[in-house]
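Mapping of the sequence shown onto my numbering: residues 18 to 359, in sequence order.
Written out below as structure tokens is the structure these notes cover.
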Amino acid sequence: MNMPVKLSCRGLWKVFGPRPHAFLERHDHRPAEADFAASHHVGAVRDVSFDVHEGEILVIMGLSGSGKSTLIRCLTRLIEPTAGRMEFENRDLLKLSRVEHLRLRRDKLGMVFQHFGLLPHRTALDNVAFPLEVKGVDKEARRAIARRYLSIVGLDGKEAFYPRELSGGQKQRVGIARSLTTDPEIWFLDEPFSALDPLIRRDLQDEFLKLQKQLHKTIIFITHDFSEALRVADRIAIMKDGRIIQLDTPENIVLRPADGYVARFGADTPKDSVLSAGAIADTALPERLPPRRVYDHQKLSDIAPDMLLDGEDRLVLDAADLPAGILTRRHLVSAVFGGRTS
């Protein structure tokens with residue numbers, strides 16, 4: 018990606034057990050599975066490295082027990098990693114004092130979790146304003162900011178409601194608004210919609226994406242739902258047994274899975290709903306360009322009906338309206354049907 022790196026993580030470990038630091042050092046930070054069992058240690062996060070770029074949505078996903086929630090807690094230092102480096106603004110977060118990191122978390126990190134964590138004795142407005150109250154912002158100013166974010170998440174008129182008077186979706190909107198009041202530079206969301214009914218979850222996913230278009234936050238989003246990951250992610254990191262198995266675009270996760278484990282996530286996913294024209298276009302341009310055109314970001318599900326009907330190739334254009342490749346009927350059929358036309 019062309020955007021600068023916002024958060025960098027290298028060789029991160031979280032080991033639970035009687036002597037985790039000594040355990041890693043004894044095995045030169047490369048313990049085998051048998052080593053964990055023999056010494057009664059558990060490797061929840063194992064040698065994880067990745068970068069998060071400014072303005073991107075990085076989704077970390079995996080099955081229960083894969084290490085995804087432990088990883089986000091390490092990144093926010095809600096739990097302490099056993100080893101590794103985490104850099105934000107050229108500072109190693111693991112070398113910050115507890116007070117320095119609490120200040121960083123308060124001022125530059127926003128967090129939303131599956132369980133709303135609202136204060137039951139406070140109204141929606143005062144729940145959203147609470148982080149600013151902790152920072153010492155005066156009442157009038159913090160309430161003005163809180164009203165703005167409640168409006169952004171669609172809760173105009175709910176300012177005086179208490180959590181018990183709100184639906185599940187409304188409570189999560191309050192949690193989202195609260196996490197944004199300090200204008201965080203990195204926004205962590207851990208299974209934010211998984212406790213909600215499917216229809217409400219989809220609505221909130223849509224609202225989340227609209228919000229991101231407005232705010233352009235750097236986001237780390239945890240989920241176990243592959244369809245949710247495909248909807249919201251710029252890139253997806255798939256975890257298993259504490260390790261990242263593949264970190265790639267949604268298109269490559271579906272089209273070019275690293276192994277059978279990754280492939281199973283996308284096995285039932287309609288490829289035309291994930292893949293874009295740019296992902297499968299032939300970048301070698303012929304002398305004579307097709308007259309019909311599509312954009313590289315357009316999903317095949319939007320393009321396929323007309324192409325399969327008329328049988329004509331398409332010129333693929335990039336965001337600057339420049340030729341980026343050719344989408345042929347053969348490429349389309351191969352990507353969507355695995356080479357089958359019927």
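Note that the Cβ used here is the ideal one computed from N, Cα and C, for glycine as well.
Keep in mind it's a predicted model, so treat the numbers as computed, not measured.
Close-in-space but distant-in-sequence residues of the same chain around residue i (CB under 8 Å, 5 per side omitted)
i      : result
ARG346 : MET324, LEU325, GLY328, GLU329, ASP330
ASP242 : MET78, SER211
GLY158 : Position check: residue 158 holds Ala in this sequence, whereas Gly was assumed. Closer than 8 Å at Cβ, skipping near neighbours: LEU149.
ARG218 : PHE210, SER211, GLU245
Chain B within 8 Å of residue i, Cβ atoms only
i      : result
GLY283 : The structure shown contains no chain B, having only a single protein chain.
Alpha-carbon spacing of residue i relative to residue j, whole angstroms
i      : j      : result
PHE220 : ALA39  : In the sequence under discussion, the amino acid at residue 220 is Asp, which differs from the Phe named in the question. Going from the Cα of ASP220 to the Cα of ALA39 covers about 47 Å.
ARG27  : GLU117 : 21 Å
ILE253 : PRO267 : 6 Å
ALA54  : ARG195 : 42 Å
GLY171 : ALA51  : 52 Å
PHE105 : PHE33  : 25 Å
SER359 : GLN231 : Confidence at SER359 is low in this model, with a pLDDT of 39, below 50, so the placement of that residue should be treated as unreliable; the coordinate-derived value is given next. Using only the alpha carbons, I get a separation of about 42 Å.
LEU264 : PRO98  : 21 Å
ARG102 : ASP109 : 6 Å
ALA280 : VAL353 : 15 Å
LEU41  : PRO48  : 7 Å
ARG273 : LYS288 : 12 Å
Residue nearest to residue i in terms of C-alpha spacing, selected from the options
i      : options                        : result
ALA275 : ILE262, PHE282, SER290         : ILE262
THR286 : ALA321, LYS316, PHE225, VAL271 : VAL271
PRO35  : MET20, SER56, LEU92, ARG47     : SER56
PRO308 : LYS316, LYS288, VAL333         : VAL333
PHE282 : THR300, LEU247, LEU302         : LEU247
VAL350 : GLN222, VAL249, SER318, ASP251 : SER318
Sequence-distant residues of its chain with Cβ nearer than 6 Å to residue i (five each side left out)
i     : result
LYS85 : ILE77, GLY79, ILE239, MET256
GLU71 : MET20, PRO21, LYS23, THR235
GLY60 : VAL32, PHE53, GLY259
Close beta carbons around residue i, own chain, < 7 Å, minus the five adjacent residues each side
i      : result
LEU126 : THR93, PRO201, ILE203, PHE205
For the 8 Å Cβ check, are there 3 or more pairs between the segment 296 to 315 and the segment 334 to 348? yes
Which whole runs of the alpha helix (DSSP H) in the segment 93 to 118 are 4 residues long or more, in chain order? none
On the three-pair Cβ rule with 8 Å, is the segment 229 to 245 touching the segment 72 to 79? yes
Is the number of C-beta pairs between the segment 105 to 121 and the segment 290 to 310 that are closer than 8 Å three or more? no
Whole beta strand (DSSP E) elements within the segment 233 to 270, 3-residue minimum: 235 to 240, 252 to 257, 260 to 265
To test your reading of the DSSP string, which unbroken alpha helix (DSSP H) runs of 4 or more residues are found completely within the segment 50 to 94? 50 to 56, 85 to 92
Just to confirm the assignment: which complete alpha helix (DSSP H) runs, minimum length 4, are found wholly within the segment 158 to 233? 185 to 197, 215 to 232
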